[in-house]
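To start, the structure under review is shown below, and the notes come after it.
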Amino acid sequence: MPSNTTLTQYLIEQQRANGQIPSQLRLLLEVVSRSCKSISLAVNKGALGNVLGSANSENVQGEVQKKLDIIANDVLIEANEWGGHLAAMASEEMDSIYPVPNRYPQGEYLLLFDPLDGSSNIDVNVSIGTIFSVLKKPEGLSGVTDTDFLQAGTRQVAAGYCIYGPQTTLVLTVGAGVAMFTLDREQGSFMLTQEHLRIPEDTQEFAINMSNMRHWDAPVRRYIDECLAGKEGPLGKDFNMRWVASMVADVHRILMRGGIFLYPWDKRDPAKPGKLRLMYEANPMSWLVEQAGGSATNGRQRILDIQPARLHERVAVILGSRNEVERVTGYHDPI
Ligand code: AHG
Ligand code: MN
Ligand code: MN
C-alpha cells in the first residue's frame with residue numbers, strides 16, 4: 135500500500151485483498167466520510183458558524199437536542215439519500231427510520247448513526263464525534279421497516295466513528311482489523327495514519343461516571359472499589375481514571391492505549407437497561423473494540439450477540455482491555 139494512503143485507496147486495497155468491500159459499501163463509506171468532513175467544518179466554526187447552543191427541541195428519547203445534533207443528522211441524511219447505496223437510515227435523533235425517498239434508487243444497505251455523540255461537550259469545546267454502523271437489508275423483502283434493522287451486532291458489515299478533537303480522526307472496521315485515518319485539511323482527504331490497532335489486554339485506567347456510584351449494582355461497585363483500593367487491594371495495582379463524557383473520546387483513548395469503559399445499568403431509572411443506545415453506540419463501538427482484540431459485554435452477555443427488540447433500545451456497556459472486561463463480567467451472575 136502506498137505510504138500516503140487515502141481512505142479511498144485503503145478501501146480499494148481492502149476490496150482487492152479480500153473481497154471484503156463491495157463497491158456499494160465503498161461508496162457508502164466514502165459518503166459517510168465526506169459527511170464527517172462537513173460536520174467537522176461546522177464543529178470547527180463553533181460560535182462563528184452559529185452552531186452552538188440548544189435547538190429547543192427534544193428527540194424521541196426525551197433528550198434536549200443541540201443545534202449540532204440536528205445539523206449533523208441533516209448532513210448525513212442529505213449526503214446519503216441519493217447515492218443508490220442505501221435502502222434506509224436510522225438515527226438516534228429521529229423517531230423512526232428514514233427510507234430512501236422513491237425519487238432515488240434503492241440500495242441494499244442500512245445505515246445507522248449517532249450523528250453527534252457527546253452533546254454535552256459541544257458548547258464547552260471538548261471532543262465530540264459521529265458514530266456509525268452498517269447492516270445489510272435482509273433479502274427478499276420489498277420496502278423497508280423497523281424490523282429490517284433489528285439485527286444483532288455480529289451482522290454489521292462496517293462500523294466506525296469520527297472524532298472531532300484536536301485532530302479529526304476517522305476510525306473504521308470492515309471486519310479485517312481497525313484502521314485510523316487523520317483528516318488532512320490542506321488536501322481535504324482522510325489519510326491512513328495507523329493500521330491494525332490493538333488494545334492491550336491489561337490496563338490500569340478505568341472510565342466511569344463516578345457521580346452515579348450510589349446508584350450502581352453490586353458487581354460494578356465491587357469492581358470500582360477494587361480499582362480504588364490500588365496496589366494494596368485485590369487487583370494489586372494502582373488505577374488512573376478518565377471520563378470525557380463523550381463515548382467517542384473515551385473509546386478512542388482505549389483504542390489508542392487501553393483501558394476499561396463502563397456505562398452500567400443503575401437505579402436512577404431501573405426500567406432502563408442503561409443509558410447508551412445499542413444500535414447507534416454500543417454495537418459499532420463493541421465491534422471496533424473486538425476487532426482490536428478487546429472485549430465488550432453488558433455484564434452478562436457479549437454485546438454483539440444481543441438480539442435487538444427495538445430501534446432505540448438501550449444497553450449497559452462494559453468494554454475495552456480484555457482481561458479487565460472479563461473480570462467485571464465474571465462478577466455478574468450469568469443469564
Ligand atoms: P449523546 O451525546 O449522543 O446523547 O451521547 C452521550 C453519551 C456518551 O457519549 C457518554 O459516554 C455519556 O452519554 C455521558 O453520560 P453522562 O453525562 O451521564 O456521564
Ligand atoms: Mn452518543
Ligand atoms: Mn448523539
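Quick note on the numbering used here: the sequence shown kicks off at 135 and runs consecutively. Positions of the beta carbon are idealized from the N, C-alpha and C atoms, including for glycine.
Between the alpha carbons of L422 and S188, how many angstroms are there, rounded? 31 Å
* Which stretch, first to last residue, makes up the beta strand (DSSP E) that contains M314? -> 312-318
Item to check | Near ligand 2: E360 beta-carbon under 7 Å from a heavy atom | outcome: Checking the Cβ of E360 against ligand 2 gives no.
Going straight from the alpha carbon of I211 to that of L162, what length do you get? 12 Å
*Out of curiosity, what's the CA-to-CA distance linking Y296 and N190?*
Contrary to the premise, residue 296 reads as Cys rather than Tyr in this sequence. So the two alpha carbons sit approximately 26 Å from each other.
request  = Would you mind sorting M347 into buried or exposed? The rule is 16 or more other CB atoms within 10 Å of its CB.
outcome  = exposed
Check whether the Cβ of S225 sits closer than 7 Å to any heavy atom of ligand 1, and report yes or no. no
Notebook entry, point to check: Taking the continuous beta strand (DSSP E) assigned at F266, which residues delimit it?
Noted result: 262-270
Pocket of ligand 2 (residues with CB nearer than 6 Å to any heavy atom), chain order:
D248, D251, M381, E415
Checklist entry - So who's on the other strand from M223, going by DSSP bridges? => result Answer is Y232, L245.
Thinking L159 and V185 are a contact (beta carbons under 8 Å), I'd like their distance in whole angstroms, please. Not confirmed; about 30 Å, so no contact.
How many angstroms separate the CA atom of I155 from the CA atom of G294? 15 Å
### Integer-rounded CB distance, given that V308 should sit under 8 Å from Q148
With a Cβ gap of about 6 Å, Q148 and V308 count as contacting.
Beta strand (DSSP E) segment containing A293, residue limits
292-298
Beta carbon of I265 nearer than 8 Å to that of V354
The answer is no: Cβ separation not under 8 Å.
In angstroms with no decimal places, state the Cα-to-Cα distance between L410 and L220.
-> 25 Å
| said: Considering only their Cβ atoms, is the gap separating V451 from A416 smaller than 8 Å? | reply: Yes, Cβ-Cβ distance for A416 and V451 is below 8 Å.
Buried versus exposed, by CB contacts within 10 Å (16 or more), S455:
buried
Discussion item. Which residue marks the beginning of the alpha helix (DSSP H) containing I388, and which one marks its end?
Written reply: 381-391
- Query: When we look at the beta-carbon of Y238 and count the other beta-carbons within 10 Å, is it buried (16 or more) or exposed?
  - Reply: Answer is exposed; the Cβ neighbour count stays below 16.
For this session: Please confirm whether L412 and D280 have their CB atoms less than 8 Å apart.
Result: no
Judging by CA-CA distance, which residue of Y243, D282, D257, L250 is the nearest neighbour of S230?
D282
> Among the residues of its own chain, which have a CB less than 6 Å from the CB of V378, if the five just before and after it don't count?
Replying inline: D384
- Query: If we call anything under 8 Å between Cβ atoms a contact, is R436 one with A443?
  - Reply: no
| Member of G364, E424, K200 whose CA lies at the smallest distance from the CA of H330 | With distances taken between Cα atoms, H330 lies closest to E424.
Quiz prompt | Selected residue, minimal CA-CA separation from H349, among H386, S380, Y397 | solution = Y397
**OP:** Identify which residue in L304, G370, T327, T303 has its Cα closest to the Cα of L336.
**Re:** The amino acid at residue 336 is misidentified as Leu; the sequence shows Asp. Measuring C-alpha to C-alpha distances from D336 to each of L304, G370, T327, T303 identifies G370 as the nearest.
In the DSSP assignment, find the alpha helix (DSSP H) that holds F283 and state where it starts and stops. 280-283
Counted within 10 angstroms of its Cβ, other Cβ atoms place E460 as buried (16 or more) or exposed:
exposed
**Prompt:** Residues in its own chain within less than 6 Å of D386 by CB, not counting five upstream and five downstream?
**Reply:** Position check: residue 386 holds His in this sequence, whereas Asp was assumed. Contacts found: I297.
**Prompt:** Which residues in the same chain as L141 place their Cβ atom closer than 6 Å to its Cβ, once the five residues preceding and following it in sequence are excluded?
**Reply:** S167, F315, F324
*Check whether the Cβ of D467 sits closer than 7 Å to any heavy atom of ligand 3, and report yes or no.*
no
CB of V449 within 8 Å of CB of Y357, strictly:
no
Worksheet item: Using DSSP with H/G/I as helix, E/B as strand and the rest coil, what is K406?
Response: Coil.
Drop a sphere of 10 angstroms on the beta-carbon of Q195, count the other beta-carbons inside from all chains shown, and report buried for 16 or more, exposed for fewer. exposed
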